[in-house]
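Student:
In our numbering, the protein residues as written are 639 to 1048.
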């Protein structure tokens, strides 16, 4: 893979030695005791954080004349969040992804999503919010990351997606979280826009409203449900939108036998304005063997029409390269995670996706490797490799996808 060979050797050397690397997630904090000091104290009690990354990606295509999509970028998120002032706090965060060297091969930027589509760096104010905590209720308005099944930050590249939204989260009901929200704009898939976009052609001119519930009142059982509704059936130019709503439900039950044995199930779908509705069903079963090996098998089926999420589909079978249009299809797969040393995690997976008759894009198999190594308490490295083979009847090309990510968090 051209320049990736040297990086692969370096990464392989580093990874043969410690833990799970989980990209930075939005933090859901319990309401803290209200500080009634001065506003100056709230500023002084604020906190700066930096979540930095060095990201190399190469996606090669098995079609003559199709150039590799390749980029090496550095950047991340530098954030300030104030201390509490009578229940209020605010935050600002710079989001940046900057070209390193001359690794950007594809002039139009298609394939890596590490830079803007024309190859320019990404740099913008990714978070700017005001938050108010009152007992078990939190209000938050402005640019922010979201963490729901159908609308999340999709933290797969150097930057996550972020939204212009207003949300209310409440935990008055025991073992239950209820969140309602309104979303008008967002920064695009993994913040590759370097700005915020209405995309009203998909969401409608008035944006989206949603409700999200999470419940753990039954021992060993976690339930999640989300419903998202387009608040207008037309875009700003009067053009009708295709998808009217987004529905999702899943559960996870930890079985009372075996070692970390669980069963998961999921259901979802969409209402289309002028086409058949879509339906998603899925299941996943997993367990741990010998305290160091996790195994799982999974199944997903999409019926009648393409399944749509707002951002970041929750499907068990959607991996590193994953689906194209989320067409009607059936998927079977399995995963194996080995933790041979403290701090080292090696995941292997294989999934076969068969498109229903009449569909030609989501007809493929994918092999995936995901190696993660914790170097110390502030830095980690991750190596990912995916081979995606389309069937002979598919209209898409085969491709290999290789990534190395170095994380530093302060």
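Each residue gets a CB set at the ideal place from its N, CA and C atoms; glycine is no exception.
All values derive from a computational prediction rather than experimental measurement.
1. Assign residue 1010 to one of two classes, buried (16 or more other C-beta atoms within 10 Å of its C-beta) or exposed (fewer than that).
2. Note down, one range per segment and in chain order, each beta strand (DSSP E) of at least 3 residues found wholly within the segment 981–1021.
3. Looking at C-beta atoms only, is the number of pairs between the segment 729–736 and the segment 752–761 that lie closer than 8 Å three or more?
4. For residue 766, which option in 803, 776 and 796 has the closest C-alpha, if you only look at C-alpha atoms?
5. Got a sec? Which residues, its chain only, sit under 6 Å from residue 990 by beta carbon, not counting five neighbours each side?
6. Just to confirm my understanding: we take residue 662, look at its own chain, exclude 5 residues before and 5 after, and list those with CB closer than 6 Å. What are they?
7. If contacts are defined as beta-carbon pairs under 8 Å, then residue 901 and residue 866 qualify, I think. What distance do you get, rounded to the angstrom?
8. Hey, how far is the Cα of residue 832 from the Cα of residue 761?
9. Roughly how many angstroms separate the alpha carbons of residue 942 and residue 845, rounded to a whole number?
10. Can you tell which of 921, 847, 820 and 992 has the C-alpha that lies nearest to the C-alpha of residue 960?
11. If you follow the beta strand (DSSP E) that residue 717 is in, where does it begin and where does it stop?
12. List the DSSP bridge partners of residue 911.
13. From the DSSP output, in three-state form, read off residue 665 for me.
14. Taking DSSP's pairing of strands, which residues face residue 963 in a bridge?
15. When the Cα of residue 885 is compared with those of 862, 1017, 957 and 973, which residue comes out closest?
16. In the structure shown, what three-state DSSP assignment does residue 829 receive?
17. Can you give me the C-alpha to C-alpha distance between residue 836 and residue 781, rounded to a whole angstrom?
18. Please report the distance separating the alpha-carbon of residue 1030 from that of residue 838.
19. In angstroms with no decimal places, state the Cα-to-Cα distance between residue 790 and residue 675.
20. First and last residue of the alpha helix (DSSP H) that includes residue 678?
21. Do you know how far the Cα of residue 725 is from the Cα of residue 1033?
22. So, at 6 Å on beta carbons, what are the nonlocal neighbours of residue 664 in its own chain, with the 5 sequence-adjacent residues on each side left out?
23. Over the uninterrupted alpha helix (DSSP H) stretch that includes residue 839, give me the two end residues.
24. Please classify residue 911: is it buried, with 16 or more other beta-carbons within 10 angstroms of its beta-carbon, or exposed?
25. Among 840, 879, 891 and 850, which residue has its Cα nearest to the Cα of residue 860?
26. Between the beta-carbon of residue 824 and the beta-carbon of residue 949, is there less than 8 Å?
27. Have a look at 939, 935, 973 and 985 and flag the residue whose alpha-carbon is nearest the alpha-carbon of residue 919.
28. Based on the DSSP output, what are the partners of residue 858 in its beta bridges?
29. Between which two residues does the beta strand (DSSP E) holding residue 687 run?
30. Counting along the chain, where does the beta strand (DSSP E) carrying residue 808 start and finish?
31. Report the start-end ranges of each alpha helix (DSSP H) in the segment 876–925 that is 4 residues or longer and not cut off at the edges.
32. Given residue 798, which residues of its chain have a CB within under 7 Å of its CB, disregarding the five upstream and five downstream residues?
33. Classify residue 941 as helix, strand or coil using the three-state DSSP reduction.
34. With DSSP as the reference, label residue 756 as helix, strand or coil.
35. Could you please give me the residues that DSSP links to residue 790 through a beta bridge?
Tutor: Once the coordinates are examined:
1. What you label residue 1010 is simply residue 372 of the chain shown in a count that begins at 1. Residue 1010 counts as buried, since no fewer than 16 other beta carbons sit within 10 angstroms of its beta carbon.
2. Those beta strand (DSSP E) runs which fall completely within the segment 981–1021 and span 3+ residues are 982–993 and 1002–1012.
3. Output reads yes: the segment 752–761 touches the segment 729–736.
4. Residue numbering aside, residue 766 sits at position 128 when the chain shown is read from its first letter. Out of 803, 776 and 796, 803 has the C-alpha closest to the C-alpha of residue 766.
5. The residue you call residue 990 lines up with position 352 of the chain shown. So the list reads 970 and 1003, once near-sequence residues are dropped.
6. The residue you call residue 662 lines up with position 24 of the chain shown. Only weak support is given to the placement of residue 662: the predicted model assigns it a pLDDT of 42, under 50, and the question is left unresolved by the model.
7. Numbered from its first residue, the chain shown carries residue 901 at position 263. Numbered from its first residue, the chain shown carries residue 866 at position 228. Between residue 866 and residue 901 the Cβ distance is about 26 Å, and since that is not below 8 Å, they are no contact.
8. Counted from its first residue, the chain shown places residue 832 at position 194. Counted from its first residue, the chain shown places residue 761 at position 123. C-alpha of residue 832 to C-alpha of residue 761: approximately 6 Å in a straight line.
9. Sequence index remark: in the chain shown, residue 942 carries index 304 (1-based). Sequence index remark: in the chain shown, residue 845 carries index 207 (1-based). C-alpha separation (whole angstroms): 26 Å.
10. Translated into positions along the chain shown, residue 960 becomes position 322. With distances taken between Cα atoms, residue 960 lies closest to 992.
11. As a first step, residue 717 must be located in the chain shown, where it is residue number 79. 707–719 is the extent of the beta strand (DSSP E) around residue 717.
12. Position 273 of the chain shown, counting from 1, holds the residue named residue 911. Paired residue(s): none; residue 911 is not in a bridge.
13. Position 27 of the chain shown holds residue 665. Confidence is the limiting factor: at residue 665 the pLDDT is only 46, short of 50, which leaves the residue's position unreliable and the question unanswerable from this model.
14. Here residue 963 is taken as the residue at index 325 of the chain shown, counted from 1. Paired residue(s): none; residue 963 is not in a bridge.
15. The residue given as residue 885 occupies position 247 in the chain shown. Sorting 862, 1017, 957 and 973 by C-alpha distance to the C-alpha of residue 885 places 862 at the top.
16. Looking up residue 829 in the chain shown gives position 191. If DSSP states are grouped into helix, strand and coil, residue 829 belongs with the helices.
17. Indexing the chain shown from 1 puts residue 836 at position 198. Indexing the chain shown from 1 puts residue 781 at position 143. Here the alpha carbon of residue 836 sits roughly 13 Å from the alpha carbon of residue 781.
18. Stepping through the chain shown from its first residue, residue 1030 is reached at position 392. Stepping through the chain shown from its first residue, residue 838 is reached at position 200. Taking the straight line joining both Cα atoms gives about 36 Å.
19. Looking up residue 790 in the chain shown gives position 152. Looking up residue 675 in the chain shown gives position 37. Their backbone Cα atoms lie some 35 Å apart in a straight line.
20. Stepping through the chain shown from its first residue, residue 678 is reached at position 40. 677–682 is the extent of the alpha helix (DSSP H) around residue 678.
21. Against the chain shown, residue 1033 aligns to sequence position 395. Against the chain shown, residue 725 aligns to sequence position 87. Looking at the backbone, the Cα of residue 1033 and that of residue 725 are separated by about 55 Å.
22. Within the chain shown, numbered from 1, the residue matching residue 664 stands at position 26. Any reading at residue 664 must be qualified, since the residue scores a pLDDT of 47, below 50, and its modelled position is unreliable; no value is offered.
23. Looking up residue 839 in the chain shown gives position 201. For residue 839, the enclosing alpha helix (DSSP H) has its first and last residue at 838–841.
24. As a position in the chain shown, residue 911 is number 273, starting the count at 1. Only exposed fits residue 911, as fewer than 16 other CB atoms lie within 10 angstroms of its CB.
25. What you label residue 860 is simply residue 222 of the chain shown in a count that begins at 1. The residue with the shortest Cα to Cα distance from residue 860 is 891.
26. In the chain shown, counting from the first residue as 1, residue 824 sits at position 186. In the chain shown, counting from the first residue as 1, residue 949 sits at position 311. Against a cut-off of 8 Å, the Cβ pair of residue 949 and residue 824 comes out as a contact.
27. Locating residue 919 in the chain shown gives position 281, where the first residue counts as 1. Nearest C-alpha to residue 919: 939.
28. Residue numbering aside, residue 858 sits at position 220 when the chain shown is read from its first letter. None, per the DSSP bridge assignment.
29. Here residue 687 refers to the residue found at position 49 of the chain shown. Note, residue 687: beta strand (DSSP E), 685–699.
30. Here residue 808 refers to the residue found at position 170 when the chain shown is read from its first residue. Its beta strand (DSSP E) spans residues 801–808.
31. Runs of the alpha helix (DSSP H) spanning 4 or more residues and lying entirely within the segment 876–925 do not occur at all.
32. Your numbering for residue 798 matches position 160 in the chain shown. Sequence-distant Cβ neighbours of residue 798 in its own chain, meaning closer than 7 Å and more than five residues away, are 783, 791, 792, 828 and 829.
33. As a first step, residue 941 must be located in the chain shown, where it is residue number 303. Residue 941 falls in the strand class under three-state DSSP.
34. On the chain shown, residue 756 is found 118 positions in, with the first residue counted as 1. In the structure shown, residue 756 sits in coil (DSSP, three-state: anything other than H, G, I, E or B).
35. By one-based count along the chain shown, residue 790 stands at place 152. Per the DSSP secondary-structure output, residue 790 pairs in a beta bridge with 785.
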